[in-house]
Every structure is written in structure tokens, then in C-alpha cells.
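Structure first, commentary second.
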Amino acid sequence: MGRIVCRISLLFLISISSFSVLAEKNLSGVWVGNYSEDFPDRLPGPELGDYGGLPLNDAVRLRAQSWSASLIALPEYQCRVHPSDYASSFANIRIWEERDPISEALIAIRIQHFAWQTRRTIWMDGREHPPEYAPHTSMGFSTGEWNGHQLKIKTTHLKEGWLRRNGVTRSDQATVTEYFIRHGDILTWTVIIDDPIYLEEPFIRNRDYIYSIDDQVGSYPCDPVVEMVRAPGYIPHHLPGTNTDMLIYSQRHDIPLEAAMGGPETMYPEYVERIREMPKPSELAE
Amino acid sequence: MNRLITRFLSLALLVTCSAVQAQQNFDAVEIRILPVRDNIFMLVGAGGNITVQTGAEGVLIIDTQYEQLSDKILAAIRTLSDKPLRYIINTHHHGDHIGGNVPLRAAGFTPVGGNVGGDIGDAGEGARILAHENVLLHMASDDNVSTDAWPTMTYFTEKRDIYFNGEGVRVLHQPNAHTDGDSIIYFRKSDVITTGDAYITSFYPFIDMSSGGTINGFIDAANAIIDLIIPEYGQDGGTLVIPGHGRLSDIGDVINWREMLTIVRDRILDMKERGMSLEEVLAEQPTRDYDPRWAGQGIFSTENFVTAVYMTLDQ
């Protein structure tokens, strides 16, 4: 009787441990971006004055309207990398694991991104996030845990970055929650950004990747250079009320300016009905 | 009008600093150590950040926070080195950066000999205190500051160099930024810059007009810091920057800071050139996009910052 109980217990333990290991998906390999969604916003890049669908507050809207694309011609801005919460928008990634050589325990998951060759670490060993006075980086400090087959990541200590690369700032106080969900050869990467400084609501972005055995992640050199002679300390920007570039998207697509300027309501499907009631730029010009 | 505002702000600073110090429960303050690079450490407690450099020749520290914390600061330093405290550098004269000068100086020593004994009367009795000459002048004009806290070696030129613990340490004057006596300190081998309050990550800058601070001096200091920085690939890392208050930084944080200062300066300058009064500029809220991130209380408030920018634009 004792033996039978022992065997059943052992079987139970094995099944539990196997289940727990099986719940962790292996994400390692090269993944290629699937651009069937939001393509214009991702590779060509957003148009000037397109803040639609972003839950912006008034403060960051003014920052965006003050932004001049000429800023990124300054040498110290040229090679700034896409922050980890924006990088999912495009290009191949490579994922690999770092495991303890003896116990095979998962220490970290690493992700290398083609764009600017950024490397990020998701610590899986239960370590704490650093204190508030520790440095903020473009990748931030990330810890992860498996929720069933979902890898859940929490990221803090981000430098100021961008929600959209047309001047829409994401603050350095933001925290990010991500989910990596693998379904066979499809990887869904969900990014949820909480920014108490500049967002009225969390902003959620989904991107799909496809597993590839044929692709690699290329190198991405970047050397900042002086592209034009400017006065020392000159910072390109628009004074409030003077930026005509911010009208480009609205006018080109005949979308009401109010809708183009974003805000939490512009994220939801029912906003389409409100847009229909707004005068279009072409109607206002008549 | 200008004088009235300057006096008002000076009084506000005095009241705020005294109130902050009075309200501080120093018993609850813990001195935390952040390794920065090699033999450079950042100490965080109350008041300004402290930089510690250790090595075979002894210990060099930058700024001393508050007097009440000196035992804890010294204990923290002792976990990093058992060598004597040889140099204290003050980035400026404010109480949250020089408060511990007397006890920390007393805990150190200066070897006597060569021309050192001739330079300072009390050589051998404590660590040397290095600062810009204007720091000495401000401290000497304040009856509340003990003469023992005064700098024992000053400079009035653009820079002062010392070589300590195997690396060159360059002390660079930043005229009329936070005050008229600001120094930033560049550790050339470790590739670390300590800025004092010429750069902070916590709030809007406090432009101490009563001590010669100006917005253009602040921007010049930010540009000087950026000129010293060589970032790693991707603009993360490389030269590290220890701010007067807030988190350890690199070029990304400093260029964001400079961007904010410059854009706010340009906006207020434009308004002033269009004939707007200070009251009208304040009503226009020229910093409303930066306020959620940078506005603090008292001397770090939006009103104080905008007023100081407006008042010092021409300086």
C-alpha cells in the first residue's frame, strides 16, 4: 500500500513539474515583423500632426506641437535608439535564453532588435527593480514571469522616449507591462504603457512576429556627425501657435484637426461616429 | 521691481531651506550607496547627492549634505575605504551641499609640506575644502556658516585641476548658472561628471538670482556638460553624470534637460520681446507641457522658475 501511494505521489509530482515546464514557451530564435497592421505608422513612419488614437493629455500635445523634425539632425540626437516600448513596431528580433549551466534555471531572456542593434535583458530570476536613483536607460529595467504560456514583463527606469516618432513624448516616469504570447510560429507582443505624466489612459500596442529559420538580425552602425553648422546650443522647435506642420496630416487626408490631435476618446471605435459630425478641413476651407 | 522680486525670492529660499531642514527627520534618513564606475560612488541621503572617489591616496568627496547626517555619511564612506578623507569639493554654497563641511573636514587630514603649509594655516588639521572663490564669499557673508566650513583652497579662473588616486580631476567653473559659484567636476579616467545643482533630475532648476544665478548660465552649463560627454553607441552609457539631486544620468537625460531649459527660455524671451509683463507671461503658462514632469514646490515651483527665467533673460 505504501509503495502504491509513493508511486502515485511521484507520478503526481512529475506531472506537476512537467506541466510547469511545458507552460513556459521557448521563445528563442529569430522572429520577423509582420507588417499587415499599421504599416504606414511603422516602416515609413507617422506623418507630421498625426496623433490620432493616442490617449494624450494637453501637456504632451503642446510638446508634440512644439517639436521640430530638425531636432534629430543634432549630433547628440542622431543615434538615439528606439526605446524598448516602441521597438516592437518594426524589424527583426532575436530572442535567446540565459540559463544556469548546472540547474538549467532560467536567469534571463535576451532580445536583440535590428533597429539600432539594441539589446535588452528581461530578468527571470526574481530580482528586485533598482532604486529610484539608479540610471534610466532606453531599454529600461525589465523583470519577467510566466503566467501559463504568457511571458509577462514589467519595465521601469526608462529614459524619456516617444510614443510615436513625430514628436509625441513618453515620459521617463512611465512604466510598461508587456506580454509575449507564442502560438506556434506566431508571436504576439503586447505593450501596455502607463505614463502618469503624459497619458490620460494606458496605451496598448500589439505587434505580431513570425518565426523564421531563414532570417538573421543584421548589424546597425550609427555614427553621429555634424550635418549643418548651427549656433552653439541651438535647439530647433516651434513656438506655441506657430507650427503649421502639425496641420499636414489633417489636411492631406481631410480628417478633422480635433481627431488628428489625439486624446483618449480617439482610441475607441465609437469615435468614428463623432468624426463624421465634425467639419472636415476641406469644408472649413470653402 | 527686479530688486523686490530678487529679495522676495532670497527670503523665500531662506525660509524654504530653514523649513526643510527643520522638518527633516534626520534619524530616519539612510545613506545609500550607488556604485557608479570603478572607484566612484554616489551617496544618496537628504540634501544634495555626494560623490565619493576612493583610492590609494585617500578619499575625495564632493558636497557634504547636512551636518546632522555627517556620522552616517562618514560611516558609509568607511564601508568604501579606510583611507583618510583628503579632499572635499563644494559645488556651490547652499546648505544642503555644505552642511557637513565642518565634521567631515575634521574627520580628514591634509599632509603638510612643500608649499601646502604655506598656503593654509591649518594644514594637517583636516581635509582640504576646494570650491570656487564665490562660494567662499557667499559663506563668509553668512553669519550662520562657521569659518571652519569655509573652503581652504579656492580658484577664480575657469578651472582648477588636481591629480588624485591616479586620475586627473578637473574642477570647472560654470558662471551664473544655479549660482555664481557653481563648479562641475570631471573625473577624467573614470569618465564621470558631478554637476552639483547646475543639473538635477528631480524638479525645475532653482535659479538663485540672489546669488547670481541666471537661465542663460544654466543653459551654458548644460551645454558644457554635454560637451564633456562621450556617449556609448546608442546614446546610452558612456560618460556618466551625477546630478545635484535625483538619479544617476547619461547624455540622454542631460540633453532632455537642456531641451526643456532652452525651449522654455525661448518661449519666455519671445513673450518678453512682444512686450508682455511677467504677470501676463505667468498667465500664459509657457511651461504647461513640462509642468507635469518638472514642477515642484516652493523654490522649485513653476511660478518661481518662470519668474526667474523672465527676470534673468538679459543677463
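As given, the protein sequences belong to chains B and P, one line each in that order.
Going by numbering that gives the first Met the number 0, the residue at position 28 of the first sequence is 27; the numbering climbs one at a time, nothing skipped.
Going by numbering that gives the first Met the number 0, the residue at position 53 of the second sequence is 52; the numbering climbs one at a time, nothing skipped.
Glycine included, each C-beta is placed from N, C-alpha and C at the ideal position.
Determine, for P:Thr-5, whether the minimum Cβ-Cβ distance to residues of chain B falls below 9 Å. Its pLDDT being 47, under 50, P:Thr-5 is placed unreliably by the model, and the measurement read from it follows with that caveat. False, the Cβ-Cβ gap to chain B never drops below 9 Å.
The stretch 153–170 of chain B touching the stretch 56–65 of chain B, judged by at least three CB pairs closer than 8 Å: yes
Beta-carbon contacts of B:Glu-97 that lie in its chain and below 6 Å, excluding the five residues immediately before and after: Ile-106, Ala-107
Burial state of B:His-182, where buried means 16 or more other Cβ atoms lie within 10 Å: exposed
So P:Leu-33 contacts chain B; which residues on that side make the cut at Cβ distance below 7 Å? Tyr-132, Ala-133
Pick from P:Arg-273, P:Asn-303, P:Gly-297, P:Gly-274 that is closest to P:Thr-286, judged by C-alpha positions: P:Asn-303
Contact between the stretch 130–142 of chain B and the stretch 156–163 of chain B: three or more CB pairs below 8 Å? yes
Please say whether P:Gln-67 and P:His-96 have beta carbons closer to each other than 9 Å? no
Assign B:Cys-221 to one of two classes, buried (16 or more other C-beta atoms within 10 Å of its C-beta) or exposed (fewer than that). exposed
Hey, how far is the Cα of P:Leu-171 from the Cα of P:Val-240? 14 Å
Check whether the stretch 205–212 of chain B and the stretch 222–237 of chain B are in contact - that is, three or more C-beta pairs closer than 8 Å. no
P:Gly-295 to P:Asp-62, Cα distance in whole Å? 23 Å
Span separating the alpha-carbon of B:Ala-259 from that of B:Val-59: 14 Å
With a cut-off of 9 Å, does the C-beta of B:Glu-75 fall near any C-beta of chain P? yes
Spatial distance of P:His-137 from B:Trp-145 (CA atoms): 58 Å
Less than 6 Å between C-beta atoms, sequence neighbours within five positions excluded: which residues of the same chain meet that for P:Gln-314? Thr-213
Counting Cβ pairs closer than 8 Å, one from the stretch 178–186 of chain P and one from the stretch 215–224 of chain P, do we hit at least three? yes
Just to confirm my understanding: we take P:Phe-163, look at its own chain, exclude 5 residues before and 5 after, and list those with CB closer than 8 Å. What are they? Gln-52, Gly-54, Glu-56, Gly-57, Leu-59, Arg-85, Tyr-86
Any Cβ of chain P within less than 9 Å of the Cβ of B:Val-216? no
Would you report the Cα separation of B:Ser-14 and B:Ala-86, rounded to the nearest angstrom? The predicted position of B:Ser-14 is uncertain, since its pLDDT is 47 and thus under 50; a value taken from the coordinates is nonetheless stated next. C-alpha separation (whole angstroms): 38 Å.
In chain order, which alpha helix (DSSP H) runs of at least 4 residues are fully inside the stretch 242–305 of chain P? 250–272, 277–283, 290–293
Give me the Cα-Cα distance between B:Pro-54 and B:Pro-195, rounded to the nearest whole angstrom. 12 Å
For B:Asn-33, which residues does DSSP report across the bridge? B:Asp-207
Residue range of the unbroken beta strand (DSSP E) whose run includes P:Gly-57: 57–61
Minimum Cβ-Cβ distance from B:Leu-9 to chain P less than 9 Å: With a pLDDT of only 47 at B:Leu-9, under the threshold of 50, the placement of this residue in the model should not be trusted, and no figure is reported.
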